[in-house]
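Encoded as structure tokens, the structure appears first; notes follow it.
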Amino acid sequence: MTYNIYALLVGIDEYPSPVPCLNGCVNDILEIQEYLQGRVAADGDKLHIRTLLNQDATRQAVIDGFREHLCQASSEDVAFFYYAGHGSQEQAPQEFWTIEPDRLDETLVCYDSRTEGGWDLADKELAKLISEVDQNNPHTVIILDCCHSGSATRGELEAETAIRKTSTDKRQRPWDSFIFSLSETDKLSAALSPEKNPSGWSFPTGKHIVLAACRDSETAKEFNSNGQPRGAFSYFLLDTLKNADGSLTYRDLFKRVNALVRSKI
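The opening position of the sequence shown corresponds to residue 1297 in this note's numbering, with each subsequent residue numbered one higher.
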């Protein structure tokens, strides 16, 4: 049986000021893309790739990548999202305070996120996009090589390692800048008043597997591999996949990669 693999690959090294640029994210994505092309061809399946690098990886382009590309995946297909770039946090609006005690959302920093009128892609928005992909019941895999990636979801290259994290966005984000529909907004508002909504309401979710470079309290690091900047997590993930003898469960894959990152970096 032939399977369809829909892949959305996002890598951002070059950010507009004041966000510090990175060095290995585009390399990570190009290596992952090459691996997918070779592996899927060898398996006889069909690969559909949308790759967004640097200035092409705007917030809207990532959202469109989910809705226009990954949402084409149906049952028996694979929807695959890989992000390499800055992770961060932002001030959570009041509507989220009941589920965010620190009043901060974890985020992915898109190319234009910190420009005038731009915003990060919040973890709640990523969850909603995943839920939309899940409507057709594909096998969904999310890989995040950035900081604050454990709950969602890299500084300049110094010596051998650098961190894929930029400062918290302290702007007050307006509610209408999120991707939630009017009906979802009404449900969320009602959830803040239990007497009006005794059954409660939670954010949309979808079935998926997530492999993240770190928990939300840890850091994702870059390093030099034979003179080429790479993300440590992405490098050892790909190295493990290429050298795997037989099939690997996601749990075993993550354990091996995590052990390599901790021992080598």
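Just so it is clear, CB atoms sit at the ideal spot from N, CA and C, and this is done for glycine as well. None of the values given here were measured: they were computed from a predicted structure.
From which residue to which residue does the beta strand (DSSP E) around E1518 run?
Mapped onto the sequence shown, residue 1518 falls at position 222. Per DSSP, E1518 belongs to the beta strand (DSSP E) from 1517-1521.
Could you compute how far the alpha carbon of S1427 sits from the alpha carbon of F1476?
As a first step, residue 1427 is located in the sequence shown; it is residue number 131 there, counting from the start. As a first step, residue 1476 is located in the sequence shown; it is residue number 180 there, counting from the start. Near 12 Å, if we compare the C-alpha coordinates of F1476 and S1427.
In the DSSP assignment, find the unbroken alpha helix (DSSP H) run with T1536 in it and report its ends.
Residue mapping note: residue 1536 aligns to position 240 of the sequence shown, counting from 1. Counting along the chain, the alpha helix (DSSP H) containing T1536 begins and ends at 1528-1539.
In terms of residues, what are the limits of the alpha helix (DSSP H) holding G1334?
For the purposes of this step, residue 1334 is taken as residue 38 along the sequence shown, with counting starting at 1. Looking at the DSSP string, the run of the alpha helix (DSSP H) that includes G1334 is 1321-1339.
Terminal residues of the continuous alpha helix (DSSP H) containing E1421?
Against the sequence shown, residue 1421 aligns to sequence position 125. That run of the alpha helix (DSSP H) goes 1419-1429.
Suppose the cutoff is 6 Å on Cβ atoms and the five residues either side in sequence are ignored; what does the same chain contact list for F1377 look like?
Looking up residue 1377 in the sequence shown gives position 81. Taken in chain order, the residues that qualify are L1304, I1438.
Helix, strand or coil for A1380? Go by DSSP, reduced to three states.
Here residue 1380 is taken as the residue at index 84 of the sequence shown, counted from 1. Looking at A1380 - three-state DSSP - the assignment turns out to be strand.
Using the Cα positions of T1264 and L1507, report the straight-line distance between them to the nearest angstrom.
The chain is shown from 1297 up to 1561; residue 1264 falls before or after that span and cannot be answered.
With 16 as the cutoff for other CB atoms within 10 Å, does W1393 come out buried or exposed?
Here residue 1393 corresponds to residue number 97 of the sequence shown, with the count starting at 1. Classification of W1393: exposed, given that the 10 Å Cβ count is below 16.
Report yes if the CB atom of A1509 is closer than 9 Å to the CB atom of L1440, and no otherwise.
Your numbering for residue 1509 matches position 213 in the sequence shown. Your numbering for residue 1440 matches position 144 in the sequence shown. In contact: A1509 and L1440 (Cβ atoms closer than 9 Å).
Tell me, please, which residues DSSP counts as bridged to G1307.
The residue given as residue 1307 occupies position 11 in the sequence shown. G1307 pairs with L1349, A1380.
Looking only at C-alpha atoms, which of E1396, S1384, G1414, E1412 sits nearest to L1404?
What you label residue 1404 is simply residue 108 of the sequence shown in a count that begins at 1. Out of E1396, S1384, G1414, E1412, S1384 has the C-alpha closest to the C-alpha of L1404.
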